[in-house]
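Notes to accompany the following structure.
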Amino acid sequence: MPTLKFAVLPGDYIGPEVMTEALRVLDHVAAREKLTLSYQVADVGGAGIDRHGKALPDSTLALCRESDAILFGSVGGPKWEKLPPKEQPERAALLPLRKAFNLFANIRPGLLYKDLVDASPLKAERIPDGIDIVCIRELTGGIYFGQPKTTTTLDNGEQQAVDTMVYKTSEIERIAEVAAVTARARGRRVCSVDKANVLETSVLWRKTVTAYFAAKHPDLELTHMYVDNAAMQLARNPNQFDVLFTENMFGDILSDEMAVICGSLGMMSSASLGTGLNSFGKPFGLYEPAGGTAPDIAGKGIANPCAQILSGALMLRYSFGLDAVATKIEAAVRKVVTVDGVRTGDIAFGRPTVGTKGMADAIIAAL
Ligand code: IPM
Ligand code: MN
Numbered sequence: 514m515p516t517l518k519f520a521v522l523p524g525d526y527i528g529p530e531v532m533t534e535a536l537r538v539l540d541h542v543a544a545r546e547k548l549t550l551s552y553q554v555a556d557v558g559g560a561g562i563d564r565h566g567k568a569l570p571d572s573t574l575a576l577c578r579e580s581d582a583i584l585f586g587s588v589g590g591p592k593w594e595k596l597p598p599k600e601q602p603e604r605a606a607l608l609p610l611r612k613a614f615n616l617f618a619n620i621r622p623g624l625l626y627k628d629l630v631d632a633s634p635l636k637a638e639r640i641p642d643g644i645d646i647v648c649i650r651e652l653t654g655g656i657y658f659g660q661p662k663t664t665t666t667l668d669n670g671e672q673q674a675v676d677t678m679v680y681k682t683s684e685i686e687r688i689a690e691v692a693a694v695t696a697r698a699r700g701r702r703v704c705s706v707d708k709a710n711v712l713e714t715s716v717l718w719r720k721t722v723t724a725y726f727a728a729k730h731p732d733l734e735l736t737h738m739y740v741d742n743a744a745m746q747l748a749r750n751p752n753q754f755d756v757l758f759t760e761n762m763f764g765d766i767l768s769d770e771m772a773v774i775c776g777s778l779g780m781m782s783s784a785s786l787g788t789g790l791n792s793f794g795k796p797f798g799l800y801e802p803a804g805g806t807a808p809d810i811a812g813k814g815i816a817n818p819c820a821q822i823l824s825g826a827l828m829l830r831y832s833f834g835l836d837a838v839a840t841k842i843e844a845a846v847r848k849v850v851t852v853d854g855v856r857t858g859d860i861a862f863g864r865p866t867v868g869t870k871g872m873a874d875a876i877i878a879a880l
């Protein structure tokens, strides 16, 4: 019986509430599938700051290093907003984790069930069958990490800040491979997004991606789009994309745009895969919902746990190689929300609502 060892970092506000339910679903699935779960919970984000003086405490990082994957909740909120930007929970927890584990590949499914089209700000006639795309974002390169990154005072007394956007061929090729593998399992189409009319890094990106696909994946359809146009096209007709593939900062922006057109943030999961392999010979990864800590509804037991549960499914698929089990969880969430019409407040649209626990109960029943 394989033992799945993962670190659980619930974080702040609704983070622990939805994590509790996701763990309940995972425990249930493990019992049915004869899997042994071995997980330990640790503080991160604001909880890390409050209890250990650091958004990513050393003990938490050590636990992650001993694990095969990280199931992450959400971090940050008003309580820590006055801290300097570099110490804010989001930045001081997530960026070092990405760096420590080389989490270079961020995969965000942009999935909106047909039954939930009302949750999208797009007109229903533009997305009659919902939305089904994926965004692949490079996560450890580009302007987020490039050096120099400084603020200096000029001779005339004014301040000047510099961020540096850097990409190497090898960094572009490894994320291109993730985009290709993802597309191969879906609609076989990749749209690479850049700003090659202005940026040197984008010129190299486009050239490298073109050569890589020609050499390794000639049977996949590869197109290129400038990022400003991609932002418009997402809002016009998101389903023209299959796999949307881009560098770190463009991906930060486009994946949030994608999340909002897909309706409730409470449904959006994500995977961040590292370069290293875990003891299963699979990528070490961090799995987190895209919705944030929702301080306004924290403590009420009404947050939608689906994104956290679906992130758990992604963990089973990518870091433990349990694709069929992951698919069962995804199918159960889909059935409960669409066929059974079980809804938390964020996706209710006038229907009766259940709370965080009620939604998880329904998913467990469906499983
Ligand atoms: C995200 C977040 C992070 C990012 C922040 C919190 C550092 O916005 O995961 O998209 O910009 O990457
Ligand atoms: Mn973001």
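Under this note's numbering, the first residue of the sequence shown is numbered 514, with each subsequent residue one higher.
We treat Cβ as the ideally placed atom computed from N, Cα and C, and that holds for glycine.
Report task. With a threshold of 7 Å, establish whether the CB of D765 neighbours any heavy atom of the ligand IPM. Result -> D765: yes, Cβ under 7 Å from the ligand IPM.
Please determine, among M745, M780 and S792, the residue with the shortest C-alpha to C-alpha distance to E770.
Comparing Cα positions, the closest option is M745.
Can you name, in chain order, every residue of its own chain whose Cβ lies under 7 Å from the Cβ of R830, other than the five neighbours on each side?
So the list reads D836 and A839, once near-sequence residues are dropped.
Contact test: D769 Cβ vs the ligand MN heavy atom, cutoff 7 Å
True, at least one ligand heavy atom lies under 7 Å from that Cβ.
* Asked: What residue does the beta strand (DSSP E) around C648 start on, and which one ends it?
  -> Element bounds for C648: I644 to E651.
Worksheet item: Within the chosen definition, does the region 679-698 reach the region 718-731 through at least 3 CB pairs nearer than 8 Å?
Response: Touching, yes.
Collapsed DSSP secondary structure at M781 in the structure displayed
Note: M781 maps to coil in three-state DSSP.
Next on the checklist: Please return the same chain residues whose Cβ sits closer than 7 Å to the Cβ of M532, not counting the five positions on each side in sequence.
Outcome noted: Within the same chain, Cβ atoms closer than 7 Å to the Cβ of M532 are found at V521, P523, G586 and Q821, the five residues on either side in sequence being excluded.
>> In the DSSP output, what is Y800 paired with across the bridge?
In response: DSSP lists L584 and A784 as partners of Y800.
Review point. So, are the CB atoms of T616 and L569 less than 8 Å apart?
Key: Per the sequence shown, the amino acid found at residue 616 is Leu instead of Thr. No.
Could you compute how far the alpha carbon of Y680 sits from the alpha carbon of V852?
Rounded to whole angstroms, Y680 to V852 spans 45 Å at the Cα level.
>> Using 8 Å as the threshold, is the C-beta distance between P751 and I644 below it?
In response: Yes, these two residues count as a Cβ contact at 8 Å.
Given a cut-off of 8 Å, decide if A582 and S832 are closer than it, judged by their beta-carbon atoms.
-> Yes, the Cβ-Cβ distance between S832 and A582 is below 8 Å.
Where are the alpha helix (DSSP H) runs, 4 residues long or more, that stay fully inside the region 629-715, in chain order? Considered as a whole, the region 629-715 harbours 682-697 as its complete alpha helix (DSSP H) runs of no fewer than 4 residues, in chain order.
For the ligand IPM, is there a heavy atom less than 7 Å away from the beta-carbon of L747?
No, since every heavy atom of the ligand IPM falls outside the 7 Å radius drawn around the Cβ of L747.
Count Cβ pairs between the region 754-773 and the region 661-668 that sit closer than 8 Å; are there 3 or more? The region 754-773 makes no contact with the region 661-668, as fewer than three CB pairs between them are under 8 Å.
- Message: I'd like to confirm the pairing. Which residues does DSSP put opposite F758 in its beta bridges?
- Response: Answer by DSSP bridge pairing, in chain order: I649 and S705.
**Report entry** Counted within 10 angstroms of its Cβ, other Cβ atoms place P622 as buried (16 or more) or exposed
**Finding:** By the neighbour-count rule (16 or more Cβ atoms within 10 Å), P622 is buried.
* Asked: When burial is assigned at 16 or more other CB atoms within 10 Å of the CB, is V722 buried or exposed?
  -> Buried, by the Cβ-count rule.
V846, enclosing alpha helix (DSSP H) - first and last residue | Looking at the DSSP string, the run of the alpha helix (DSSP H) that includes V846 is D836 to V850.
Open item on the list: Rounded to whole angstroms, what is the Cα-Cα separation between C819 and V711?
Closed with: Looking at the two C-alpha atoms, the distance is approximately 40 Å.
Discussion item. Judging by CA-CA distance, which residue of A674, A826 and K795 is the nearest neighbour of Q660?
Written reply: Q660 has its Cα closest to that of A674, out of A674, A826 and K795.
Q: Note down the Cα distance separating E801 from V647, rounded to an integer number of angstroms.
A: The alpha-carbon of E801 is positioned some 15 Å away from that of V647.
Worksheet item: So, helix, strand or coil for V773, using DSSP?
Response: When DSSP states are grouped into helix, strand and coil, V773 belongs to the helix group.
query: Which residue from T857, L823, S580 and T549 puts its Cα closest to that of S792?
result: Nearest of T857, L823, S580 and T549 to S792, Cα basis: S580.
### Message
Taking 8 Å as the cut-off, does the region 536-553 touch the region 592-599 (at least 3 CB pairs, one atom from each stretch)?
### Response
In short, these stretches do not touch, since the Cβ pair count stays below three.
*For the alpha helix (DSSP H) that contains P622, what are its first and last residues?*
Boundaries for P622: no alpha helix (DSSP H) harbours it, while the beta strand (DSSP E) harbouring it runs A618 to L625, taken from the DSSP string.
In the DSSP assignment, the alpha helix (DSSP H) including T573 goes from what residue to what residue? If you look at T573, you'll find it in the alpha helix (DSSP H) that goes D571 to R578.
Problem - Given G854 as reference, the closest of L548, R545, I562 and D628 once Cα atoms are compared - result: Ranking the options by Cα distance to G854, first place goes to D628.
Cβ-based burial, A696 [other Cβ within 10 Å; buried from 16] = Around the beta carbon of A696, 16 or more other beta carbons lie within 10 angstroms, which makes this residue buried.
Assign K708 to buried or exposed, taking buried as 16 or more other Cβ atoms, counted over all protein chains shown, within 10 Å of its Cβ.
Looking at its Cβ environment, which holds 16 or more other Cβ atoms inside 10 Å, K708 is buried.
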